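Colleague: Protein chains in written order, with this note's numbering: chain A, 1 to 335; chain B, 1 to 335. Where is the CB? At the ideal position from N, CA and C, for every residue including glycine. What you are looking at is a predicted structure, and each value in this text was computed from that prediction instead of being measured. First the structure, then my questions, so here it is.
Number of protein chains: 2
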Amino acid sequence: MSAPRPVTLADLAREAGTSRSTASRALSGQGYVSPAVRKRLMAAAERLGYVPNASARTLKQRRSRVVGVVVSDLGNQFYGRLAAGVEQVLREHGYQMALVGDNSDAHEELTAARTFLAMHAPGVILTPGGPEATSLLLRSGVPVVEVDRHMSAGDAVVIDNVRGGRDAVQHLISLGHKRIAHLGVDTEFTSDVGRLDGYRLAHVEAGLPLREGLVLRLGIHEPTAEERISELVTREAPTAIFAANNILAEQAWHVLRGRGLALPRDMSLVGFDDVQWMEMVSPPITVVEQPTIELGRRGASLLLRRIAEPESAATVELLQPTLLVRGSTGPPRGA
Amino acid sequence: MSAPRPVTLADLAREAGTSRSTASRALSGQGYVSPAVRKRLMAAAERLGYVPNASARTLKQRRSRVVGVVVSDLGNQFYGRLAAGVEQVLREHGYQMALVGDNSDAHEELTAARTFLAMHAPGVILTPGGPEATSLLLRSGVPVVEVDRHMSAGDAVVIDNVRGGRDAVQHLISLGHKRIAHLGVDTEFTSDVGRLDGYRLAHVEAGLPLREGLVLRLGIHEPTAEERISELVTREAPTAIFAANNILAEQAWHVLRGRGLALPRDMSLVGFDDVQWMEMVSPPITVVEQPTIELGRRGASLLLRRIAEPESAATVELLQPTLLVRGSTGPPRGA
DNA sequence: CTGTTAGCGCGTTCAG
DNA sequence: CTGAACGCGCTAACAG
């Protein structure tokens, strides 16, 4: 394949008999150019196959069109959909997305942040794993929107996790459950903490005692998760389980199936974050659904707004989850 | 937030009492610099929080570190995992990924290709929707690797779709099925065409007649897909269905459930592309599994190799799928 | 409305 | 081993 020298503004200018700056104005649409000259330039651009050089523009303007995005794990459907939502909005507005996965590792996240700084990203969207990346970016003047989790004092779009957790557990309590297990991830993320708070809140509101043994907090990539869940079931004999994310719901479901426990007769199960399989298994899983793609779309929109108006006050958008009651929940055994 | 002027090489040079070019050599590791001076420069960089300017470097070198990637639909688990594999390898080698979704639209794809040209991407990976994007890129001297589908004469990493389709259908035939429906997408993509070829091949090898009515070809986002599948079941009374991708398998599954048909007693079902739910429903779905993340990883590796060695001959890597026999397939009704 | 001028920050000659 | 000089392609001032 031949790699012809790319055509530049100077080429267009020469071709159309104008100066480079006029060509620049004509193509970017900024500033005055007589209609006739503009037409001539556009035609030349078309004819020569002109492609603007993004790095030259970025170098000059000190700002690129490539928004940095970091999510924990692209392979997880949740983050995939989140990213899909972000990308849609960005593309609709003529921006691109540089996407990196950080495996929930604060160090990787920080590396990504530095990369985005180097790229002069106009803004960054992240599911924060720690405060460092956000603060580095903000300190350097790069707008940041946190999605799903909220760690800084800046812009964010999050789900009302407390409400989601509370709805789930209230539903179980109203069915008559008194020994409800909570399966969560052991982080300080507002998502995990919020769902647990919701679990507790529902208990308090119902006058039910909180039993610490019923609360299981797993590490992010805990390899023994299923064993620990199984132990919990044995030890505490819960009549219902609230699994605070889609991975944990899947693991709980496997444990229950492995032990031959029937839903909802022997155990009730509520998940958080509706994914495909939950509606397909029998019985289908009752779940707190969150608007995942919308989370991404709103995050991107908020960032774009912030880029346009850097000085406005920080915004936190709270999206509401919805409890979908399906077949995996029912009254406890003896009720 | 203050946005301090970013520190440049000139700042480091001043700080360390050297020239800019020396600083450049020290930080990039290219060219001679005395150890002492290098150490001094590194220290200064650390202290001042130097971040290299990627666009300046790209402008100078005429090549960025951001690989362009386009997939059909990030929200689909298949493409999410593909992208995850690509991103992993890229990150391991110090490259970034600019990701765009094109909704299987050749026009969007072409737009993305132009954007990557503007960004001076060192290479592009795509699930091609048409020949235009690839050819534009190649013509401009940008290496391209096609993944999952193969449309050009260039580099590609694909699944052995013919073999996958053949294995699936052979399995059904060996169970005694003679009326096997094929659910596929009506494109010219090698993936869709290959799976259908495999379906036919298995018939021919077994001396079974091919009945055109049993082959259903749906549009990419066909809204009436489930109705059409249902019609097919009514009209042709197949005893088994081969659904050539994960979406179609899900739709077929819903149709069968809706009609109260039990798997595998009333109908056998084989899918293509193993996703989470297939192992969780009962009975679990027999499926042709493909190494999706590996597909992405190989694509990225191949691209990196091509970037390093632009002149080597085009390579097509063929990855083997695996038939996982589960509970959704059995002998036909009367057998 | 248009052209001239002057960098943006970096890497790469080429002398020394 | 190091520094001076130049230019990558584009846009922002500023004259005209």
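Roughly how many angstroms separate the alpha carbons of Met1 of chain A and Ala237 of chain B, rounded to a whole number?
Modeller: Note that Met1 of chain A scores a pLDDT of 45, beneath 50, so its modelled location is shaky; the value from the coordinates is reported in the next line. When rounded, the distance between both Cα atoms is 52 Å.
Colleague: Grab me the residues of Tyr95 of chain A's own chain with a C-beta within less than 6 Å of its C-beta, minus the 5 sequence neighbours each way, in chain order.
Modeller: Excluding sequence neighbours, Tyr95 of chain A sits near Arg65 and Val67.
Colleague: Give, in chain order, every residue of the segment 54-86 of chain B whose Cβ lies closer than 7 Å to some Cβ of chain A.
Modeller: Ala54, Ser55, Ala56, Thr58, Leu59, Ser64, Val66, Leu74, Gly75, Gln77, Gly80, Arg81, Ala83 and Ala84
Colleague: Leaving out five residues before and five after Pro331 of chain A in sequence, what residues of the same chain have Cβ atoms less than 6 Å from its Cβ?
Modeller: Leu175 and Gly176
Colleague: Are the segment 226-243 of chain B and the segment 260-269 of chain B touching by the rule of at least three beta carbon pairs closer than 8 Å?
Modeller: yes
Colleague: For Leu248 of chain A, tell me which candidate among A:His182, A:Val193, A:Val124 and A:Arg38 has the shortest Cα-Cα distance.
Modeller: A:His182
Colleague: Locate the alpha helix (DSSP H) running through His171 of chain B, then write down its first and last residues.
Modeller: Asn161 to Leu175
Colleague: Considering only the beta carbon of each residue, do Ala336 of chain B and Val71 of chain B sit closer than 8 Å?
Modeller: With chain B running from 1 to 335 in the structure shown, residue 336 of chain B is simply not present.
Colleague: From A:His221, A:Asn161 and A:Ala308, pick the residue whose C-alpha is nearest to that of His93 of chain A; which is it?
Modeller: A:Ala308
Colleague: Report the rounded CA-to-CA distance for Ser140 of chain B versus Leu303 of chain B, giving the unit in angstroms.
Modeller: Whole-angstrom Cα-Cα distance: 16 Å.
Colleague: For the alpha helix (DSSP H) containing Arg152 of chain B, list its first residue and its last residue.
Modeller: Residue 152 of chain B is actually Ser in this sequence, not Arg. Element bounds for Ser152 of chain B: n/a, residue is neither H nor E.
Colleague: Just to confirm my understanding: we take Pro131 of chain A, look at its own chain, exclude 5 residues before and 5 after, and list those with CB closer than 8 Å. What are they?
Modeller: Met151 and Ser152
Colleague: Of all the CB atoms in chain B, is at least one closer than 8 Å to the CB of Met42 of chain A?
Modeller: no
Colleague: Would you kindly work out how many angstroms separate the C-alpha atoms of Asp102 of chain B and Leu136 of chain A, rounded to a whole number?
Modeller: 33 Å
Colleague: Looking at the structure shown, is Ser64 of chain B part of a helix, part of a strand, or coil, going by DSSP?
Modeller: coil
Colleague: Give me the Cα-Cα distance between Arg81 of chain B and Pro128 of chain A, rounded to the nearest whole angstrom.
Modeller: Answer to the nearest angstrom: the Cα atoms are 21 Å apart.
Colleague: Which value, in whole angstroms, describes the spacing of the CA atoms of Arg91 of chain B and Arg114 of chain A?
Modeller: 13 Å
Colleague: Listing by chain order, which chain B residues have their CB less than 9 Å from the CB of Gln340 of chain A?
Modeller: With chain A covering only 1 through 335, there is no way to say anything about residue 340 of chain A.
Colleague: Take Ala156 of chain B and list the residues in its own chain whose beta-carbon comes closer than 6 Å to its own, dropping the five residues that flank it on each side.
Modeller: Here the set comprises Glu146, His150 and Val316.
Colleague: Quick check on Arg297 of chain A: buried or exposed, where buried means 16 or more other Cβ atoms within 10 Å of its Cβ?
Modeller: buried
Colleague: Between the C-alpha atoms of Ala121 of chain B and Gly164 of chain A, what's the straight-line distance to the nearest angstrom?
Modeller: 43 Å
Colleague: From the DSSP output, read off the bridge partner residues of Gln96 of chain A.
Modeller: A:Val66
Colleague: Closer than 6 Å by C-beta to Ala16 of chain B: which residues in its own chain qualify, once you throw out the five before and the five after it? Chain order, please.
Modeller: For Ala16 of chain B, where only same-chain residues beyond five positions count, the Cβ hits under 6 Å are Arg40, Leu41 and Ala44.
Colleague: Kindly list, in the order they appear in chain B, the residues whose Cβ is closer than 9 Å to that of His120 of chain A.
Modeller: What His120 of chain A touches in chain B: Pro6, Asn53, Ala54 and Ser55.
Colleague: Give me whichever residues DSSP pairs with Ala181 of chain A in a beta bridge.
Modeller: Note: Ala181 of chain A is bridge-paired with A:Ile241 in the DSSP secondary-structure output.
Colleague: Relative to the C-alpha of Pro52 of chain B, which residue among B:Ala225, B:Asp11, B:Gln77 and B:Thr322 is closest?
Modeller: B:Asp11
Colleague: From His338 of chain A to Arg305 of chain A, what distance separates their C-alpha atoms?
Modeller: Here chain A comprises residues numbered 1 to 335, so residue 338 of chain A is not present and cannot be evaluated.
Colleague: Taking C-alpha atoms, which residue in A:Val233, A:Glu311, A:Ile293 and A:Arg326 lies nearest to Trp277 of chain A?
Modeller: Relative to Trp277 of chain A, the option among A:Val233, A:Glu311, A:Ile293 and A:Arg326 whose CA is nearest is A:Arg326.
Colleague: Name, please, each residue of chain B whose Cβ falls closer than 7 Å to the Cβ of Ala206 of chain A.
Modeller: Against chain B, the beta carbon of Ala206 of chain A has no neighbour under 7 Å; the closest one sits roughly 32 Å away.
Colleague: Note down, in chain order, each residue of its chain lying with its Cβ closer than 6 Å to the Cβ of Pro283 of chain A, except the 5 sequence neighbours on either side.
Modeller: Leu263, Gly327 and Ser328
Colleague: Looking only at C-alpha atoms, which of B:Lys178, B:Leu172 and B:Gly194 sits nearest to Asp160 of chain B?
Modeller: B:Gly194
Colleague: Restricting to Cα atoms, I'd like to know which of A:Gly219, A:Thr22, A:Thr322 and A:Tyr50 is closest to Phe189 of chain A.
Modeller: A:Gly219
Colleague: Which of helix, strand or coil does DSSP assign to Leu218 of chain A?
Modeller: strand
Colleague: Given that a residue counts as buried once 16 or more other Cβ atoms are within 10 Å of its Cβ, and exposed if not, what is Ala225 of chain A?
Modeller: buried
Colleague: Is it right to say Leu318 of chain A is buried, meaning 16 or more other beta carbons lie within 10 angstroms of its own, or is it exposed?
Modeller: exposed
Colleague: Starting from Val7 of chain B and walking both ways along the alpha helix (DSSP H), at which residues does that stretch end?
Modeller: First-last for Val7 of chain B: undefined, no H or E at that position.
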